[in-house]
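Q: Letter by letter, the sequence shown follows residues 10 to 216 in our numbering.
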Amino acid sequence: ALEEESTGTVEITEFVPDEKIDAIYYDKAYFLGPDKGGAKPYALLSEGMRSTGRCALARWAARGKQYLVQIRPVEDGLIMQQLLYADEVRSIKDIDIQEATVKDAELKLAVQLIEQISEDQFNPKQYEDDVKKRIEAAVEKKISGKEISVSPEAPTAKGGAQVIDLMGALRASLTKSSPKKTETQRKPPKRAAAVATPIKKAGRRQA
Numbered sequence: 010a011l012e013e014e015s016t017g018t019v020e021i022t023e024f025v026p027d028e029k030i031d032a033i034y035y036d037k038a039y040f041l042g043p044d045k046g047g048a049k050p051y052a053l054l055s056e057g058m059r060s061t062g063r064c065a066l067a068r069w070a071a072r073g074k075q076y077l078v079q080i081r082p083v084e085d086g087l088i089m090q091q092l093l094y095a096d097e098v099r100s101i102k103d104i105d106i107q108e109a110t111v112k113d114a115e116l117k118l119a120v121q122l123i124e125q126i127s128e129d130q131f132n133p134k135q136y137e138d139d140v141k142k143r144i145e146a147a148v149e150k151k152i153s154g155k156e157i158s159v160s161p162e163a164p165t166a167k168g169g170a171q172v173i174d175l176m177g178a179l180r181a182s183l184t185k186s187s188p189k190k191t192e193t194q195r196k197p198p199k200r201a202a203a204v205a206t207p208i209k210k211a212g213r214r215q216a
């Protein structure tokens, strides 16, 4: 048979430094817990990786496929991070990036934004899915018999890419953060667009 035997086992192949795995390869993540009678080896693996600053790369056979996974210690347990294979990830070289001269005023604006809204650590609880909240609110209104209106979705560029006005976003963020507008901020911003292209190639493996 061409399909991988779904044993559900994880075969560790090597240990590498945590920082050597680029997050661009991250896919789905799973919590790993010890099997019955496996508390000791589980703890040894976790503490060993924590002490060495390394994580495990392994093969995971499941659902008729073979997955590349990373196992790393998190708090008191382990996480198995499913990784994309190299041929599933687009190269940044595939993107048309033209050379551009950055003016001092533009760089100053970018640095000002970064410094003004910088934090020392990521707090995921401060971010919420606004679209999900709107959908839930609309469902509640529908259940209670109220009328709901749906706005037409804005069209996206070909291939699912999205055009982003970078300079506009920088200026808007600074305007929200600071009540005083500088003379530079009052001027109409030049449009500096970026196209957001999905990193994952089409037809990738599904877990």
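Built from N, CA and C at the ideal position, the CB exists for glycine as well.
(1) In three-state terms, what does DSSP make of alanine 201?
(2) Starting from alanine 146, follow the alpha helix (DSSP H) in both directions and report where the run begins and ends.
(3) What would DSSP say about aspartate 44, mapped onto helix, strand or coil?
(4) Any chance you could list the beta strand (DSSP E) runs of at least 3 consecutive residues sitting entirely within the region 44-77, in chain order?
(5) Can you name, in chain order, every residue of its own chain whose Cβ lies under 6 Å from the Cβ of threonine 193, other than the five neighbours on each side?
(6) Roughly how many whole angstroms lie between the Cα atoms of arginine 72 and glutamine 130?
(7) Go ahead and pull the three-state DSSP assignment for isoleucine 126.
(8) Between the alpha carbons of lysine 49 and isoleucine 104, how many angstroms are there, rounded?
(9) Does aspartate 113 come out as helix, strand or coil in the three-state DSSP assignment?
(10) Counting along the chain, where does the beta strand (DSSP E) carrying isoleucine 21 start and finish?
(11) Can you name, in chain order, every residue of its own chain whose Cβ lies under 6 Å from the Cβ of isoleucine 21, other than the five neighbours on each side?
(12) For the beta strand (DSSP E) holding isoleucine 88, just list the boundary residues, first then last.
(13) Cα separation between tyrosine 34 and aspartate 96?
(14) Do the CB positions of leucine 93 and aspartate 36 come within less than 7 Å of each other?
A: Put simply:
(1) The predicted model places alanine 201 with a pLDDT of 48, which falls under 50 and marks its position as unreliable; any figure quoted below should be read in that light. Note: alanine 201 maps to coil in three-state DSSP.
(2) Alanine 146 -> alpha helix (DSSP H) spans 139-152.
(3) In the three-state reduction of the DSSP assignment, aspartate 44 falls in the coil class.
(4) Within the region 44-77, the complete beta strand (DSSP E) runs of at least 3 residues are 63-71.
(5) Its pLDDT being 44, under 50, threonine 193 is placed unreliably in this model, and the coordinates cannot settle the point.
(6) When rounded, the distance between both Cα atoms is 37 Å.
(7) Isoleucine 126 falls in the coil class under three-state DSSP.
(8) Rounded to whole angstroms, the separation of the alpha carbons of isoleucine 104 and lysine 49 is 48 Å.
(9) Helix, per DSSP.
(10) Per DSSP, isoleucine 21 belongs to the beta strand (DSSP E) from 19-26.
(11) Excluding sequence neighbours, isoleucine 21 sits near Ala65, Ala67.
(12) Looking at the DSSP string, the run of the beta strand (DSSP E) that includes isoleucine 88 is 86-92.
(13) C-alpha separation (whole angstroms): 11 Å.
(14) Going by C-beta atoms, leucine 93 is nearer than 7 Å to aspartate 36.
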